[in-house]
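Novice: The structure under discussion is supplied below as structure tokens; questions concerning it will follow.
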Amino acid sequence: MTRDGKPKGFFYLDHRTVEGKHGIILDTFATAGNVNDSQPYIARLDEVRLSEKGKVIYARGKETVERSFADAKQHHGHRYARFRGLRKV
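If you read the sequence shown in the UniProt record's numbering, its first letter stands for residue 1, the second for the next number, and so on.
Now the structure itself:
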């Protein structure tokens, strides 16, 4: 099956994982042209997430998020709800 205006042949896609702050390429790999970008990305992401380094990074991010909720409760009155029901909110 072909589409009008597209060249005929076999094609490959180049996928890259880039570090966000400095734009350094961390990983690169090729797939067939008919593979959706999300399929290999999710598989590679799971490899990183389940590694020891990935677990350390997740724990650090979790601490940051939990700290912000704790500050909101302690210093900004988010510990208790003032009203009940949708009409009063």
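Using N, Cα and C, we set each Cβ at its ideal position, and we do this for glycine too. Bear in mind that the values here come from a model prediction, so they are computed numbers and not experimental data.
Could you please give me the residues that DSSP links to L13 through a beta bridge?
Specialist: In the sequence shown, the residue the question calls residue 13 occupies position 13. In DSSP, L13 forms a bridge with T31.
Novice: Give the secondary structure of I25 by DSSP, where H, G and I count as helix, E and B as strand, and everything else as coil.
Specialist: Position 25 of the sequence shown, counted from the start, is the residue given in the question as residue 25. In this structure, I25 counts as strand in the three-state DSSP scheme.
Novice: In whole angstroms, what is the alpha-carbon distance linking A32 and L13?
Specialist: Your numbering for residue 32 matches position 32 in the sequence shown. Your numbering for residue 13 matches position 13 in the sequence shown. Straight-line Cα distance between these residues: approximately 6 Å.
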